[in-house]
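> Structure in C-alpha cells, see below.
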Amino acid sequence: RFVALQDVTHGMARPCLVDVKMGRQQHTPGAHNSESKMRKSRETTSATLGFRLCGMQLYQGAQYTRQDKYQCRRHTKEQMQAILEAFFGHQSPG
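Next comes the structure, spelled out in C-alpha cells:
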C-alpha cells in the first residue's frame, strides 16, 4: 500500500500555498521525543490557537514571498489574523 500524491497546483499561473498543522497537542503522551514536541506546541500558536503554519508561499505584487517552517514557527497569535488575511487576499485594516 502507498499514498499517491498529485500536484494540485499544476496548470495554475501563480499558486499560493500554506501548510497548516492542526491540533493543540503535537505528541502522544509517553511517546519518544514527546518533550520536544510539547515545547514546540507551547512555543508556537498550536497551544493557543489550535493550529500553526509550517510553510507558506504567497504571490504578492510581482514576486513570491516564501516562509519555511522555522520562519512560520515565530508567528505569534497576534500576527495570525493579518497573515491569514494576506494569504486569502484581504487587506488588513491600518
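For the sequence shown, the residue numbers in the numbering used here are 183 to 276.
Even for Gly, the Cβ is constructed at its ideal location relative to N, Cα and C.
CB-CB under 7 Å to Thr226, same chain, minus the five flanking residues each way: which ones, in chain order?
Numbered from its first residue, the sequence shown carries residue 226 at position 44. Closer than 7 Å at the Cβ level, and outside the excluded window around Thr226, lie Arg234, Arg255.
> Where does Met204 land, buried or exposed, given buried means 16+ other C-beta within 10 angstroms?
Taking the sequence shown and counting its residues from 1, one reaches residue 204 at position 22. Counting Cβ neighbours within 10 Å, Met204 comes out exposed, since fewer than 16 surround it.
> Verify whether the separation of the beta carbon atoms of Leu142 and Ala268 is less than 8 Å.
Residue numbering for the chain in the displayed model covers 183 to 276; residue 142 lies beyond these limits and cannot be assessed.
> Below 6 Å CB to CB, which residues in the same chain sit around Asp189 once its five sequence neighbours on both sides are set aside?
For the purposes of this step, residue 189 is taken as residue 7 along the sequence shown, with counting starting at 1. So no residue of the chain qualifies.
> Return the bridge partner residues of Met204 from the DSSP annotation.
Along the sequence shown, read from residue 1 onward, the residue named residue 204 stands at position 22. Looking at the DSSP assignment, Met204 forms a beta bridge with Phe233.
> Between His192 and Lys251, what straight-line distance do the alpha-carbon atoms span, to the nearest angstrom?
As a first step, residue 192 must be located in the sequence shown, where it is residue number 10. As a first step, residue 251 must be located in the sequence shown, where it is residue number 69. The straight-line gap from Cα to Cα measures roughly 23 Å.
> When you compare only the Cα positions, how much space is there between Thr230 and Lys222?
By 1-based counting over the sequence shown, the position of residue 230 is 48. By 1-based counting over the sequence shown, the position of residue 222 is 40. Approximately 12 Å between the Cα atoms of the pair.
> Which of the three DSSP states, helix, strand or coil, is assigned to Pro194?
Translated into the one-based positions of the sequence shown, residue 194 becomes position 12. Checking the sequence shown, residue 194 turns out to be Met, not Pro. The three-state secondary structure of Met194, taken from DSSP, is coil.
> Would you say Gln249 and Met238 are within 8 Å of each other, going by their C-beta atoms?
Position 67 of the sequence shown, counted from the first residue, corresponds to residue 249. Position 56 of the sequence shown, counted from the first residue, corresponds to residue 238. Cβ atoms of Gln249 and Met238: closer than 8 Å.
> Could you tell me the boundaries of the alpha helix (DSSP H) in which Gln188 lies?
Start at 1 with the first residue of the sequence shown, and residue 188 comes out as number 6. In the DSSP annotation of this structure, Gln188 is not part of any alpha helix (DSSP H), being labelled neither H nor E.
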